[in-house]
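Engineer: Residue numbers (the numbering used here): 51 to 423.
Have a look at this one before I ask anything.
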Amino acid sequence: MRTNLSLSGILPCISLFLFSIDSLSAQEIEWQQVLGGVHSEYLYDVKPTPDYGFLLAGSSFSEDSGNKSEKGQGDLDYFLWKMDESGKMEWQKVFGGSGSDYLYSAAMTSEGGYILGGSSDSPVSGDKKDQGFGNMDFWVIKIDPQGKEEWQITLGGIGNDQLQSIRQTPDGGFIIGGSSDSSPVKDEKGETIGNKSEETRGSYDYWVVKLSSTGSVEWEKTYGGMFSDQLKSILITEDGYLVGGTSNSLVSSDKTAENLGMGDFWLIKINQKGEEQWQKTYGGEGDETLSNILKTENGFLLTGSSNSKTSETKKSGSTNGTDFWVIEIDKEGNHIWDNSYDFGQWDVLVSATKSEDNTYLLGGYASTETLGR
């Protein structure tokens, strides 16, 4: 059975939109809000909440101004905004140190609170309680339903560690993924400090960390080849995890799947201890950039963007620059179907989510007013 994608949207020159394979129709705006202070705010993640409201997660440069009532701590801070079903603010929170703190991912927890994940170069200052290990570290904060901090942890090695995805696991812990060019940090005695135990493989590698429910590191794993491998999404499966992103590495080190072009979707299936079970690459001779991994009835849906022509794993080629690209695979990673969606010269798919009716909403932007197929 083919997975259904449900879409709708309007495209001005540069626009964010949702779309459908079968039809393209404008959606009525029920309400809209402008949120922030006198400087810059960046929205990276939005999560629906059980009370039919929303949690908005991102970063802010602003002091308390506009409708931002929380003072900033440094350059960029984590910025949270909880709103009700009608868009009315219920609470907002800022977490940050004296440096730059980028909040990229948030997830609800089983207790009704939230787990926040991003990257930070702040030293101990403001709300930042742990010293960093390198240029940029993972920074994870657990908060209660009202936004009050319960615990936090800094994770990293000697270089740059950029968190992209965080999820709560069935055992009450958390799985965290991102990209890292770090090697372990050594003290004067040559002993490892920090949380990164493995050497970097290339430019950037996938880095996956499993935390307990109280924030203790249970295990961490590095996966990479000789060039750049950037993790974007983690999906929890019945027996482990799927980690995916974009790779331009040749077969080398942990990369055993063939390189197909300039950059490919690179998917790794791991068990609950982080041990690899299989890996696959998907794409053509050009560039593919993965954005999301979602569950389907048949297996998994991979979403992203591509400018490649047809290939063994890409049956629907791009003919007009970069297009949205969606591929469904079975539970062993085998190709079921794929499709490209052309809206203009440069179409970038950045977000995907599953609806209650088992269809999928895809969101992104395009650089033209002309709609394709």
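Note that beta-carbon positions come from the ideal geometry of N, C-alpha and C, so glycine has one too.
For glycine 147 and glycine 168, I'd like the C-alpha separation in whole angstroms.
Structural biologist: Approximately 13 Å between the Cα atoms of the pair.
Engineer: Below 8 Å between beta carbons: does that hold for glutamate 335 and glycine 313?
Structural biologist: No, Cβ-Cβ distance for glutamate 335 and glycine 313 is not below 8 Å.
Engineer: Could you tell me if tryptophan 201 is buried or exposed, where buried requires 16 or more neighbouring beta carbons within 10 angstroms of its beta carbon?
Structural biologist: The residue is exposed, with fewer than 16 neighbouring Cβ atoms inside 10 Å.
Engineer: So for phenylalanine 277, helix, strand or coil by DSSP?
Structural biologist: Coil, per DSSP.
Engineer: Between aspartate 388 and valine 376, how many whole angstroms is the CB-CB distance? I'm expecting something under 8 Å.
Structural biologist: Indeed, because the Cβ distance is near 6 Å, the residues count as touching under 8 Å.
Engineer: Since aspartate 95 and tyrosine 164 should fall inside the 8 Å C-beta cutoff, what is the C-beta to C-beta distance between them, to a whole number of angstroms?
Structural biologist: The pair is not a contact, with the Cβ atoms about 10 Å apart (cut-off 8 Å).
Engineer: Report the residue ranges of all beta strand (DSSP E) runs contained in full by the region 212 to 277; include only those spanning at least 3 residues, in chain order.
Structural biologist: Complete beta strand (DSSP E) runs here, min 3: 224 to 230, 255 to 261 and 267 to 273.
Engineer: Taking the alpha carbon of aspartate 187 as the reference point, which residue from Gly137, Asp211 and Gly414 has its own alpha carbon closest?
Structural biologist: It is Asp211.
Engineer: Can you name, in chain order, every residue of its own chain whose Cβ lies under 8 Å from the Cβ of glycine 124, other than the five neighbours on each side?
Structural biologist: Closer than 8 Å at Cβ, skipping near neighbours: Gly146, Gly147, Ser148, Gly149, Ser150, Asp151, Ser172, Ser175 and Gly176.
Engineer: To the nearest angstrom, how far is it from the Cα of glutamine 327 to the Cα of lysine 381?
Structural biologist: Rounded to whole angstroms, glutamine 327 to lysine 381 spans 12 Å at the Cα level.
Engineer: Whose C-alpha, out of Asp392, Gly324 and Asn321, is nearest the C-alpha of serine 356?
Structural biologist: Cα-wise, what sits closest to serine 356 is Asp392.
Engineer: DSSP state of asparagine 408, grouped into three classes?
Structural biologist: Asparagine 408 falls in the coil class under three-state DSSP.
Engineer: Could you name the residues of the same chain whose beta carbon sits closer than 8 Å to that of aspartate 101, not counting the 5 residues immediately before and after it, in chain order?
Structural biologist: Excluding positions up to five away in sequence, the list reads Asp134 and Glu135.
Engineer: What is the residue span of the beta strand (DSSP E) that leucine 105 lies within?
Structural biologist: Where leucine 105 is concerned, the enclosing beta strand (DSSP E) stretches over 104 to 110.
Engineer: With distances taken from CA atoms, which of Phe183, Leu300 and Ser229 is nearest threonine 242?
Structural biologist: Of Phe183, Leu300 and Ser229, the residue nearest in Cα terms is Phe183.
Engineer: Around the C-beta of serine 75, are 16 or more other C-beta atoms found within 10 angstroms, so that it is buried, or is it exposed?
Structural biologist: Legend: pLDDT at serine 75 = 48, less than 50; position of this residue unreliable, value from coordinates given subsequently. Burial call: exposed.
Engineer: Given a threshold of 16 other Cβ atoms within 10 Å of its Cβ, counted over all protein chains shown, does threonine 369 qualify as buried or as exposed?
Structural biologist: By the neighbour-count rule (16 or more Cβ atoms within 10 Å), threonine 369 is not buried but exposed.
Engineer: Hey, would you say glycine 227 sits closer than 8 Å to aspartate 255, going by beta carbons?
Structural biologist: No; because the gap between Cβ atoms is not below 8 Å, this pair is not in contact.
Engineer: Can you tell me whether DSSP reads methionine 312 as helix, strand or coil?
Structural biologist: Of the three classes helix, strand and coil, the one that applies to methionine 312 here is coil, per DSSP.
Engineer: Could you check which residue in Asp127, Ile193 and Arg217 has the C-alpha nearest to that of histidine 89?
Structural biologist: Among Asp127, Ile193 and Arg217, the Cα nearest to that of histidine 89 belongs to Asp127.
Engineer: Is it the case that the Cβ atoms of glycine 244 and valine 235 are separated by a distance below 8 Å?
Structural biologist: Yes. Within cutoff.
Engineer: According to the Cβ coordinates, are phenylalanine 129 and glutamate 80 closer than 8 Å?
Structural biologist: It is not a contact, given that the beta carbons lie outside the stated cut-off.
Engineer: For glycine 197, does the count of other Cβ atoms within 10 angstroms reach 16, so buried, or fall short, so exposed?
Structural biologist: Glycine 197 should be labelled buried.
Engineer: Rounded to whole angstroms, what's the CA-CA distance from glycine 290 to glycine 367? Just pull it up for me.
Structural biologist: So the two alpha carbons sit approximately 32 Å from each other.
Engineer: Please report whether the beta-carbon of isoleucine 216 lies at a distance below 8 Å from any beta-carbon of chain D.
Structural biologist: Among the protein chains of the structure shown there is no chain D, as only one such chain exists.
Engineer: Let me confirm a value: serine 266 is counted as buried when at least 16 other C-beta atoms fall within 10 Å, else exposed. Which label applies?
Structural biologist: That one is exposed.
Engineer: Cβ of lysine 260 within 8 Å of Cβ of isoleucine 216?
Structural biologist: Going by C-beta atoms, lysine 260 is not nearer than 8 Å to isoleucine 216.
Engineer: Thinking just about the alpha-carbon of each residue, which of Leu281, Gly354 and Ile379 is nearest to the one in tryptophan 396?
Structural biologist: The residue with the shortest Cα to Cα distance from tryptophan 396 is Gly354.
Engineer: How would you call asparagine 408, buried or exposed, if buried means at least 16 neighbouring beta carbons within 10 angstroms?
Structural biologist: With fewer than 16 other Cβ atoms within 10 Å, it is exposed.
Engineer: Given glutamine 181, which residues of its chain have a CB within under 7 Å of its CB, disregarding the five upstream and five downstream residues?
Structural biologist: Counting only Cβ-Cβ distances below 7 Å, and skipping sequence neighbours, we find Pro173 and Val174.
Engineer: Report the residue from Lys138, Val84 and Lys97 whose alpha carbon sits nearest the alpha carbon of lysine 404.
Structural biologist: Selected option, being the one with the closest Cα: Lys97.
Engineer: Would you kindly report the start and end of the unbroken beta strand (DSSP E) that includes aspartate 95?
Structural biologist: From DSSP, the beta strand (DSSP E) with aspartate 95 extends over 91 to 98.
Engineer: Decide if valine 84 is buried, meaning its Cβ has at least 16 other Cβ atoms within 10 Å, or exposed.
Structural biologist: With fewer than 16 other Cβ atoms within 10 Å, it is exposed.
Engineer: Whole-angstrom Cβ separation of serine 230 and threonine 272, contact assumed at under 8 Å?
Structural biologist: Contact holds; Cβ gap of about 7 Å.
Engineer: Can you tell which of Phe277, Gln322 and Leu166 has the C-alpha that lies nearest to the C-alpha of tryptophan 106?
Structural biologist: What sits at residue 106 in the sequence shown is leucine, not tryptophan. Considering only alpha carbons, the answer is Leu166.
Engineer: Return the residue from the list Lys365, Asn309, Lys282 and Leu310 that minimises the CA-CA distance to alanine 402.
Structural biologist: Ranking the options by Cα distance to alanine 402, first place goes to Lys282.
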